[in-house]
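S.K.:
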Amino acid sequence: MDDKQKSLLLKASSQFPIPPGVKFSYGTAGFRADALILESTVFRAGILAAMRSMKTRSMIGMMITASHNKISDNGVKIADPSGGMLTQQWEPFADALANAPDSDSLLRLITDFSKKENIVFDGTFRAEILLGRDTRPSGESLLEAAKQGIHSIVGSVGIDMGVVTTPQLHWMVRARNKGMKGSELDYFEQLSSSFRCIMDLNPGGSVNSVDNKLIVDGSNGVGGEKIESLTKMLDGLNIELRNSGAGVMDILNEGVGADFVQKEKVVPDGFGSNDVGKRCASLDGDADRLVYFIVPSADTNKIDIVDGDKILSLFALFVKEQLSIMNIKGSEYNSYQPCLGVVQTAYANGASTHYLKELGLAVTLTPTGVKHLHRKSEDYDIGIYFEANGHGTILFSEKFLSWLEDKREELASAPEDSQQKKAVLRLLAVSNLINQAVGDALSGLLLVEAILQYKGWSIHDWNALYQDLPSRQLKVIVKDRTAIITTNAETEVLSPMGIQEAINAETAKYLQGRSFMRPSGTEDVVRVYAEASTQDAADSLANSVAKLVDKYLGISNS
Ligand code: G16
Numbered sequence: 012m013d014d015k016q017k018s019l020l021l022k023a024s025s026q027f028p029i030p031p032g033v034k035f036s037y038g039t040a041g042f043r044a045d046a047l048i049l050e051s052t053v054f055r056a057g058i059l060a061a062m063r064s065m066k067t068r069s070m071i072g073m074m075i076t077a078s079h080n081k082i083s084d085n086g087v088k089i090a091d092p093s094g095g096m097l098t099q100q101w102e103p104f105a106d107a108l109a110n111a112p113d114s115d116s117l118l119r120l121i122t123d124f125s126k127k128e129n130i131v132f133d134g135t136f137r138a139e140i141l142l143g144r145d146t147r148p149s150g151e152s153l154l155e156a157a158k159q160g161i162h163s164i165v166g167s168v169g170i171d172m173g174v175v176t177t178p179q180l181h182w183m184v185r186a187r188n189k190g191m192k193g194s195e196l197d198y199f200e201q202l203s204s205s206f207r208c209i210m211d212l213n214p215g216g217s218v219n220s221v222d223n224k225l226i227v228d229g230s231n232g233v234g235g236e237k238i239e240s241l242t243k244m245l246d247g248l249n250i251e252l253r254n255s256g257a258g259v260m261d262i263l264n265e266g267v268g269a270d271f272v273q274k275e276k277v278v279p280d281g282f283g284s285n286d287v288g289k290r291c292a293s294l295d296g297d298a299d300r301l302v303y304f305i306v307p308s309a310d311t312n313k314i315d316i317v318d319g320d321k322i323l324s325l326f327a328l329f330v331k332e333q334l335s336i337m338n339i340k341g342s343e344y345n346s347y348q349p350c351l352g353v354v355q356t357a358y359a360n361g362a363s364t365h366y367l368k369e370l371g372l373a374v375t376l377t378p379t380g381v382k383h384l385h386r387k388s389e390d391y392d393i394g395i396y397f398e399a400n401g402h403g404t405i406l407f408s409e410k411f412l413s414w415l416e417d418k419r420e421e422l423a424s425a426p427e428d429s430q431q432k433k434a435v436l437r438l439l440a441v442s443n444l445i446n447q448a449v450g451d452a453l454s455g456l457l458l459v460e461a462i463l464q465y466k467g468w469s470i471h472d473w474n475a476l477y478q479d480l481p482s483r484q485l486k487v488i489v490k491d492r493t494a495i496i497t498t499n500a501e502t503e504v505l506s507p508m509g510i511q512e513a514i515n516a517e518t519a520k521y522l523q524g525r526s527f528m529r530p531s532g533t534e535d536v537v538r539v540y541a542e543a544s545t546q547d548a549a550d551s552l553a554n555s556v557a558k559l560v561d562k563y564l565g566i567s568n569s
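For the sequence shown, the numbering used here assigns the number 12 to the initial residue and increments by one for each residue that follows.
Shown next as structure tokens:
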């Protein structure tokens, strides 16, 4: 590194001292904390993004968001050239960078890491970082800090995409690295045209087989604004938007949105007795999660949640059906058997895993965080992953896509009503619709809607695929959540010693009982999950485990 680069880094970093007494960690989905203490972290993440761009010789993404967290939090996620999450191999460097106590140690870290990774700071490569942010008020100044970090590496530029959803930013990075323009308009055009294509292939053609009205809770975040733009380009779907974030009292994620709805299982603000029985969906704060719900009766504020597990089941059923339409016995299609696999986490409702296995599918569990699920899904020709909280997508391998393209050509002259031809065209359209970079509430929503029309199903038919086991999630505040070590896709605790045996003993008291605890990677809490044969039993098991967490790790425990 030459002197010019060194002095640029030293000068810029001295403007962003780290707050005292805080330890930052590149958690489940990037750095996340109270926005007031994040400037230095975002500045340093800008340096990291520029270095990653130099290393990969590709465009990198940087999204300023704290997604489902409260409005006063913020965060930053880095997108790799594929549009997926930053490679986990760089996470330790990200942590070290964020926690370097001063400019000199920061410079030393950068020098050592760049030597190890053969990154040369000679300004000859133009590192490009695509920047986006959600609607949080702190986003603008943090984006400025990100730009300062990027510009402190000679030859690096930040390209500001403004307010976008997290999946849009990931999609744009992927598209641009594939040589496409990758603008927001391109994103909307790709989604709307592939949606139209799937709808046109439906048995009834463009005629809707079920009510096409959907009520969407925008979580008072960026998803609301974007879904309005998307809706203008769609026909065949009638979306009514609530919680758009446009009103002064509309507070991001507060009493609204996918995280609230899925965890609390109560009617979100803006919905009520007039919505009984209707098809409703909730996005989260940065529109990377999607869940559906039904208000079952005007007499209760409880909802029936149709969560990520049910979306996964619907998608798996649909894809499996298309594969079997193509795979007619004795035909040439038998020569290649694409491998379809599904990926879940420990939060997946036991009934969903049972259902998927009954369908004959390979089900794998990974730790929480799309970065884990996404990577595992890449092992399949078609990998479908979803977290119960609504974060997921369908990945198609290059091999499978080129096989589909060949089939499309072969079947070009087949009659329009050829079922094989339709199945091939459907799956190709799905691969264009569903975000290949990351879970995306908007593209997921369009696919759910298209499949419901294809099957002629109401939300009630869909919800009846299987019955969820009653479950409960709780948060426990502890002294130090980094003291927890888990194993086996977070289903067991290794440390603190003794707590797992105590959890096992509690769980054994309940019929169909299952329970686990894990440290959150996005909030300073421990999460507890329990399921059992009745809601009272699930609540009681969750409370018992929460008490154990408090006993072993709680604030009062010394
Ligand atoms: C992020 C991750 C998700 C994860 C969620 C909760 O979602 O992208 O994969 O499930 O955090 O993580 P934790 O339980 O560790 O707090 P989002 O939508 O907040 O970005």
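We put the beta carbon where it would ideally sit given N, CA and C, even for glycine.
Count the other C-beta atoms from every protein chain shown that fall within 10 angstroms of the C-beta of Ala269, then say buried if there are 16 or more, exposed otherwise.
M.R.: Ala269 comes out buried.
S.K.: Under 8 angstroms from any heavy atom of ligand 1, does the C-beta of His471 make it?
M.R.: For ligand 1, not one heavy atom lies less than 8 angstroms from the Cβ of His471.
S.K.: Pull up the DSSP beta-bridge partners for Glu542, would you.
M.R.: According to DSSP, which records beta bridges pairwise, Glu542 is partnered with Ser482 and Arg525.
S.K.: Cβ of Val489 versus every heavy atom of ligand 1: is any distance shorter than 8 angstroms?
M.R.: Answer for Val489: no, Cβ out of range of ligand 1.
S.K.: What are the residues that DSSP puts in a beta bridge with Phe304?
M.R.: BP columns for Phe304 point to Cys291 and Ile316.
S.K.: Using C-beta distances below 8 angstroms, list every residue in its chain close to Gly232, excluding the 5 sequence neighbours before and after it, in chain order.
M.R.: Only Asp145, Thr146, Gly256, Leu263, Asn264, Gly268, Leu294, Asp295, Gly296, Asp297 and Ala298 meet the Cβ criterion.
S.K.: Return the CA-CA distance between Ala186 and Asp91, expressed in angstroms with no decimal places.
M.R.: Ala186 and Asp91: Cα-Cα distance of roughly 12 angstroms.
S.K.: Within 10 angstroms of the Cβ of His385, are there 16 or more other Cβ atoms? Answer buried if so, exposed if not.
M.R.: His385 is buried by the Cβ-count criterion.
S.K.: Where does Gln478 land, buried or exposed, given buried means 16+ other C-beta within 10 angstroms?
M.R.: By the neighbour-count rule (16 or more Cβ atoms within 10 Å), Gln478 is not buried but exposed.
S.K.: If Ser454 sits next to Leu444, beta carbons under 8 angstroms apart, how far is it from one beta carbon to the other, in whole angstroms?
M.R.: About 6 angstroms separates the two Cβ atoms, so the contact holds.
S.K.: Looking at C-alpha atoms only, which residue of Lys382, Ile238, Leu522 and Val504 is the closest neighbour of Val537?
M.R.: Among Lys382, Ile238, Leu522 and Val504, the Cα nearest to that of Val537 belongs to Val504.
S.K.: Looking at His79 and ligand 1, is the gap between the Cβ and the nearest heavy atom below 8 angstroms?
M.R.: Yes - ligand 1 has a heavy atom lying nearer than 8 angstroms to the Cβ of His79.
S.K.: Candidates Thr356, Val87 and Ala77: which alpha carbon is nearest Ala60's?
M.R.: Comparing Cα-Cα distances from Ala60 to each of Thr356, Val87 and Ala77, the minimum goes to Val87.
S.K.: Which same chain residues end up closer than 7 angstroms to Gln16 when comparing Cβ atoms and leaving out the 5 residues on each side of it in sequence?
M.R.: Answer for Gln16: Phe132 and Val165, listed in chain order.
S.K.: Identify which residue in Leu334, Thr545, Ile305 and Gln179 has its Cα closest to the Cα of Gly94.
M.R.: Minimum Cα distance to Gly94 is reached at Gln179.
S.K.: With a 10 Å radius around its C-beta and 16 neighbouring C-beta atoms as the bar for buried, classify Ala156 as buried or exposed.
M.R.: Classification of Ala156: buried, given that the 10 Å Cβ count is 16 or more.
S.K.: Given a threshold of 16 other Cβ atoms within 10 Å of its Cβ, counted over all protein chains shown, does Lys22 qualify as buried or as exposed?
M.R.: It is exposed - the Cβ of Lys22 has fewer than 16 other Cβ atoms within 10 Å.
S.K.: Quick one: is Ala399 buried, meaning 16 or more other Cβ sit within 10 Å of its Cβ, or exposed?
M.R.: Buried.
S.K.: Is the stretch 534-554 close to the stretch 513-523, with three or more CB pairs under 8 angstroms?
M.R.: In short, these stretches touch, since the Cβ pair count reaches three.
S.K.: Specify the secondary structure class of Tyr391 as computed by DSSP and reduced to three states.
M.R.: Tyr391 falls in the coil class under three-state DSSP.
S.K.: Do Val556 and Ser531 have their C-beta atoms closer together than 9 angstroms?
M.R.: No. Outside cutoff.
S.K.: Quick check: the stretch 241-251 against the stretch 487-497, are there 3 or more CB pairs under 8 angstroms?
M.R.: No, they do not touch.
S.K.: Find the nearest neighbour of Val53 within the set Phe35, Lys66, Asn554 and Ser64, judged by alpha-carbon distance.
M.R.: When only C-alpha atoms are compared, the closest one is Phe35.
S.K.: So is the beta-carbon of Thr404 under 8 angstroms away from any non-hydrogen atom of ligand 1?
M.R.: Checking the Cβ of Thr404 against ligand 1 gives no.
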